[in-house]
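Working notes, structure below.
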Amino acid sequence: MVFLKKYKWEIIVFLIALSARLFLLCINLHANHNAIIPTIKGDDGYFEMSNDFLNGHGIAAELGGKFVPSPLRPPAYPVFMASLLFLFHSYFVTILGQMLLGSFIPVLGLLIARELFSERFPQWQNIALWTGIFLALEPLGILLSDIFYTETFFTFFFLFSVLYFFRYFKVQSYKNILMSSVLLAVATLAKPTVQYVPIFASLFILFHWRRNLSKKICLQAAAFALLFLVILTPWLYRNYRQFGVVGMSAQVDYNLYVYLVPSVLAVEKGTDFQTELNGYVRNHESDPGMITLSNGAYYKDQAVSVLKQHPEALIKLCLISLFTFFTHDGMLVVIQHAGYPINVGLLSKPALMMLIHSPGKFFIIIKNLVFSPYVLVGVFRLLWILAFLLGIVTLVDSIRNKWCSPQIVSAVFLLAYFALTTMINGLGVNERFRVPVNAFIISFALCGFVLLKDKVSKKFS
Numbered sequence: 011m012v013f014l015k016k017y018k019w020e021i022i023v024f025l026i027a028l029s030a031r032l033f034l035l036c037i038n039l040h041a042n043h044n045a046i047i048p049t050i051k052g053d054d055g056y057f058e059m060s061n062d063f064l065n066g067h068g069i070a071a072e073l074g075g076k077f078v079p080s081p082l083r084p085p086a087y088p089v090f091m092a093s094l095l096f097l098f099h100s101y102f103v104t105i106l107g108q109m110l111l112g113s114f115i116p117v118l119g120l121l122i123a124r125e126l127f128s129e130r131f132p133q134w135q136n137i138a139l140w141t142g143i144f145l146a147l148e149p150l151g152i153l154l155s156d157i158f159y160t161e162t163f164f165t166f167f168f169l170f171s172v173l174y175f176f177r178y179f180k181v182q183s184y185k186n187i188l189m190s191s192v193l194l195a196v197a198t199l200a201k202p203t204v205q206y207v208p209i210f211a212s213l214f215i216l217f218h219w220r221r222n223l224s225k226k227i228c229l230q231a232a233a234f235a236l237l238f239l240v241i242l243t244p245w246l247y248r249n250y251r252q253f254g255v256v257g258m259s260a261q262v263d264y265n266l267y268v269y270l271v272p273s274v275l276a277v278e279k280g281t282d283f284q285t286e287l288n289g290y291v292r293n294h295e296s297d298p299g300m301i302t303l304s305n306g307a308y309y310k311d312q313a314v315s316v317l318k319q320h321p322e323a324l325i326k327l328c329l330i331s332l333f334t335f336f337t338h339d340g341m342l343v344v345i346q347h348a349g350y351p352i353n354v355g356l357l358s359k360p361a362l363m364m365l366i367h368s369p370g371k372f373f374i375i376i377k378n379l380v381f382s383p384y385v386l387v388g389v390f391r392l393l394w395i396l397a398f399l400l401g402i403v404t405l406v407d408s409i410r411n412k413w414c415s416p417q418i419v420s421a422v423f424l425l426a427y428f429a430l431t432t433m434i435n436g437l438g439v440n441e442r443f444r445v446p447v448n449a450f451i452i453s454f455a456l457c458g459f460v461l462l463k464d465k466v467s468k469k470f471s
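Under our numbering, think of the first position of the sequence shown as 11, with each following residue one higher.
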């Protein structure tokens, strides 16, 4: 009873999240005639990789009928899936294990919101609670828990790491800093996006205590980075043995060549991504499936040489990517998985580009979708735009009134880090890239709402 009373809000948020995920899974199962594999199988190859791992092929990719070491996918998520399959011999239990992780993500969001705003606002419980509830009911987060995509696994460990990192600024214990490092390393072994974060985190620790720097703080900052590197070492060694290069993944080189270059060309010529991808790859007589750590530098150089020729288009694309990162809603894919197909040809360009280049066509499409389930796309798009604007209010107020804590600085840095690293995906940027930092965006937005409400109340009181 003491436990239930102490953690009642966390338990409530967890149960709401789990119920929502089970409910959507039932809807998606019905749309797929109760076939479990088509319902939960993603298109990123992790479903196949987990089976290949169980069959003794390691972390591999199938190429030309043969299994070769995967140059793109790190091991943590396929091993997680394969372990559950090995233990329970059930895809339903495997996806249920992922759903449990996904149901803890809103709880982590609640706890992070407390760390961000508990000192500034006495009513922090409301901000934290509503952050958790929003994350528990956010449609894309629910869907990603129900499909074999890496976002749920990655986000769980990433936010867990952030929580310990935030708490380290209150209690400078080895437990907090080392737990943050371990959890971040696991997240990196699922998705290498954050592989450079420990460098910035260690430097920020030293910078924050620069006026009262002690031997203990220096050792903890070093331990954070060193332990992270030690955990990654086996995978780095594997890549060195297989490809002759020390690195986490060839994903950066792959994305530069396969996503960013065709996207820049599409913006330059006013065409679509697929057209430029086919044309660019065919003209260079290259196979993007052959990009590895061994030859990644060659493809990166090829991509950079093209990007240098189109600086204006690159700048436009970066602005489009930033706008997409913070405002994309994800409702389209949720509705599609629920059994409402749509002609994807209508969406060959991002909505912003279509509005700029073909406003007549854009409004015709909107008119046709208003009286359909796809109206939810517009509703949630507006909500995310509003969340972004309210978050700006929080940031400006924290700077102006000097209550910008190290936790808030860290959260803003991580938002910027994910937004900037996402640009490399060009027109491939979608709502999935923002999922790991949704907890920051929502908590900042709710704080901005509280700030505006208080200002309005004072003005009319």
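We treat Cβ as the ideally placed atom computed from N, Cα and C, and that holds for glycine.
If the five residues before and after Leu94 are omitted, its C-beta is found closer than 7 Å to the C-beta atoms of Val103, Thr104 and Gly107, all from its own chain and listed in chain order. Residue burial annotation: Asp282 is buried, with at least 16 other C-beta atoms found within 10 angstroms of its C-beta. Per the coordinates, the alpha-carbon of Val204 lies some 12 Å from the alpha-carbon of Leu193. Here the C-alpha atom of Leu25 lies approximately 9 Å from the C-alpha atom of Phe114.
Assigned with DSSP and collapsed to three states, Phe179 falls in coil, not helix or strand. DSSP, read as helix, strand or coil, puts Lys201 in coil. Judged by pairs of C-beta atoms under 8 Å, the stretch 264 to 284 does not touch the stretch 225 to 237, as fewer than three such pairs exist. Pairing Phe77 with Tyr56, the inter-Cα distance amounts to about 14 Å.
Ranking Leu242, Asn435, Tyr178 and Leu120 by CA distance to the CA of Tyr17 puts Leu120 first. Between Leu430 and the set Phe450, Cys328, Val403 and Gly349, the nearest pair of CA atoms involves Cys328.
Taking Pro81 as the centre and dropping the five residues before and after it, the same chain places the C-beta of Ala260, Thr302 and Leu303 closer than 6 Å to its C-beta, in chain order. In the DSSP assignment, Val78 falls within the beta strand (DSSP E) that extends over Lys76 to Pro79.
The DSSP assignment places complete alpha helix (DSSP H) segments of no fewer than 4 residues inside the stretch 27 to 103 at 46 to 50, 56 to 64 and 86 to 98, in order along the chain. Taking C-beta separations shorter than 7 Å and ignoring five residues to either side along the sequence, the partners of Ala30 in its chain run Ala146, Leu147 and Ile152, following chain order. Taking 7 Å as the cut-off, the Cβ atoms of Ser155 and Met109 count as close.
The stretch 399 to 408 and the stretch 448 to 459 touch, with three or more beta-carbon pairs separated by less than 8 Å. The straight-line gap separating the alpha-carbon atoms of Tyr184 and Tyr174 is approximately 11 Å. For the pair Val256 and Leu266, the CB atoms are not nearer than the 7 Å cut-off.
Between Ala86 and Leu199, the CB-CB gap stays under 7 Å.
Distances from the alpha-carbon of Ile157 to those of Gln135, Ile50 and Lys226 put Ile50 closest. Its Cα nearest to that of Gly349, the residue His43 stands out among Leu392, Met11, His43 and Lys463. If you ignore the 5 residues before and after Phe144, its C-beta comes within less than 7 Å of the C-beta of Ile452, all in its own chain and listed in chain order. About 18 Å separates the Cβ atoms of Tyr101 and Ile37, ruling out a contact at the 8 Å cut-off. Contact between the stretch 326 to 342 and the stretch 380 to 394 is present, with at least three C-beta pairs closer than 8 Å. When Cβ pairs closer than 8 Å are counted between the two stretches, the stretch 404 to 421 is seen not to touch the stretch 309 to 323, the count staying below three. For the set Leu223, Gly306, Tyr308 and Met433, the Cα lying nearest the Cα of Ser273 is the one of Met433.
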